[in-house]
Amino acid sequence: MQKYFIIDAIDVLAGYEIQETPERIQTLLTVVDVVCGYPKPTKKGSTTTTANYLIGAYLHVSNARNACRLGAMGFIDTLTAYKIASSNLENALTLLS
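The structure is reproduced here in structure tokens:
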């Protein structure tokens, strides 16, 4: 299930480099919407141990989401946001594979 959020976000980023800035901003916001449903690795207050790869994947997805937000808000260049998001999404997918 977690992989599908990541795969969908990667699909949204397809063709990003040939888009104009307004389209890029909308794409970044769409990625934020796609990954916002990514589940936390543990529920709040849980005492069970969570596998490190699940925590790592969650953190990579969170980094991708934050980079997209920063790019859409103009705090970082949209191409930089794309590169950060792509790299983190690929790393998360690798951890879950």
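If you want my numbering, it's the 1-based position in the sequence shown plus 389. For every residue, glycine included, the Cβ atom is placed at its ideal position computed from N, Cα and C. Because the structure is a prediction, the values reported are computed rather than measured.
Beta-carbon proximity list for residue i, same chain, < 6 Å, skipping 5 on both sides
i, result
"Leu478", "Ile395, Ala398, Ile399 and Ala453"
"Ala446", "Ala481, Leu484 and Leu485"
"Tyr427", "Phe394 and Val450"
"Leu448", "none"
N- and C-terminal bounds of the alpha helix (DSSP H) containing residue i
i, result
"Glu409", "From DSSP, Glu409 is part of no alpha helix (DSSP H); its letter is neither H nor E."
"Ile395", "Gln391 to Val401"
"Tyr442", "Asn441 to Met462"
"Thr431", "Note, Thr431: premise wrong, no alpha helix (DSSP H); not H, not E."
"Ile473", "Thr467 to Leu485"
Under 8 Å between C-beta atoms of residue i and residue j
i, j, result
"Ala474", "Leu402", "yes"
"Tyr471", "Tyr405", "yes"
"Thr410", "Thr467", "yes"
Same chain, Cβ closer than 8 Å to residue i, five either side skipped, listed in chain order
i, result
"Tyr442", "Leu484 and Leu485"
"Thr437", "Thr431"
"Thr439", "Pro430 and Thr431"
"Val421", "Arg454, Cys457, Arg458 and Ala461"
Cβ contact (3+ pairs, closer than 8 Å) linking the region 460–476 and the region 404–419: yes
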